[in-house]
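J.: My questions all concern the structure below.
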Amino acid sequence: MEREGGISPRLSPLAQVRDAGNLLTRAGFTLPGVDVDEYTVRYSSALELIEHLRAMGETSALLQRSKVLKKDTALATAAIYESMFAAEDGTIPATFQIIYMTGWREHQSQQKPKKRGSATVSFQDLQKQFGSDGSC
41 MEREGGISPR
51 LSPLAQVRDA
61 GNLLTRAGFT
71 LPGVDVDEYT
81 VRYSSALELI
91 EHLRAMGETS
101 ALLQRSKVLK
111 KDTALATAAI
121 YESMFAAEDG
131 TIPATFQIIY
141 MTGWREHQSQ
151 QKPKKRGSAT
161 VSFQDLQKQF
171 GSDGSC
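Throughout the sequence shown, residue numbering follows our numbering, covering 41 to 176 in sequence.
Written out as structure tokens, the structure reads:
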């Protein structure tokens with residue numbers, strides 16, 4: 041901030057998992073399903089992480105951003121990031137979430153959720169049948 045007189049985002053906004061399900065519903069899909077896989081990747085430097093983010097198309101996607109990032113600012117930012125977030129072995133861990141979304145177009149033949157409290161089998165009965173450790 042001190043070098044440029046302010047801040048400017050350099051990454052695409054990150055979606056929250058709960059927002060993904062809400063988007064499906066607002067778009068008119070029914071029975072929305074959202075699943076997430078999480079991966080942690082270790083990079084040798086913050087600059088290598090930035091290169092991978094660029095290759096994924098995750099940088100500079102915002103229209104309202106500073107168009108220029110000076111080299112000395114980028115290097116200073118990378119050094120600060122490494123000093124704050126590097127692991128003991130010196131690598132930079134970055135966690136990525138892959139969000140999978142599914143939804144169905146409404147149709148009269150589509151399954152409908154049952155009313156709350158309408159179940160005829162309790163979870164306790166299921167636990168007795170299948171065992172307390174969850175194995176079948």
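The beta-carbon is built from N, C-alpha and C at its ideal position, and this holds for glycine as well.
On the DSSP bridge list, what partners appear for I138?
T.: Translated into positions along the sequence shown, residue 138 becomes position 98. The partner list for I138 (beta bridge, DSSP) reads D77.
J.: Beta-carbon separation of L71 and Q164 under 9 Å?
T.: What you label residue 71 is simply residue 31 of the sequence shown in a count that begins at 1. What you label residue 164 is simply residue 124 of the sequence shown in a count that begins at 1. No, the pair does not count as a contact, with Cβ atoms beyond the cut-off.
J.: Decide if I90 is buried, meaning its Cβ has at least 16 other Cβ atoms within 10 Å, or exposed.
T.: The residue given as residue 90 occupies position 50 in the sequence shown. When all chains shown are included, I90 counts as buried.
J.: Please identify the residue among A118, P53, L54, G61 whose C-alpha is closest to the C-alpha of W144.
T.: Sequence index remark: in the sequence shown, residue 144 carries index 104 (1-based). Here the closest residue by C-alpha is G61.
J.: Are F125 and Y79 close, meaning C-beta to C-beta below 9 Å?
T.: Walking along the sequence shown from the start, residue 125 turns up at place 85. Walking along the sequence shown from the start, residue 79 turns up at place 39. No, they are not a contact pair.
J.: What does DSSP give as the partner residues of F69 in its beta bridges?
T.: As a first step, residue 69 must be located in the sequence shown, where it is residue number 29. Answer is R145.
J.: Any idea what DSSP makes of R156, helix, strand or coil?
T.: Stepping through the sequence shown from its first residue, residue 156 is reached at position 116. Reduced to three states, the DSSP call for R156 is coil.
J.: Under 9 Å, do S84 and T131 count as touching if we go by C-beta distance?
T.: If you number the sequence shown from 1, residue 84 lands on position 44. If you number the sequence shown from 1, residue 131 lands on position 91. Yes, they are a contact pair.
J.: Can you give me the Cβ contacts of E146 inside the same chain, cut-off strictly under 6 Å, excluding the 5 residues immediately before and after it?
T.: One-based indexing of the sequence shown puts residue 146 at position 106. Result list for E146: T70, in chain order.
J.: If you draw a straight line from the alpha carbon of H92 to that of S100, how long is it in whole angstroms?
T.: As a first step, residue 92 is located in the sequence shown; it is residue number 52 there, counting from the start. As a first step, residue 100 is located in the sequence shown; it is residue number 60 there, counting from the start. Roughly 13 Å separates the two Cα atoms.
J.: Among the residues of its own chain, which have a CB less than 6 Å from the CB of R82, if the five just before and after it don't count?
T.: Translated into the one-based positions of the sequence shown, residue 82 becomes position 42. So the qualifying residues of the chain are T131, P133.
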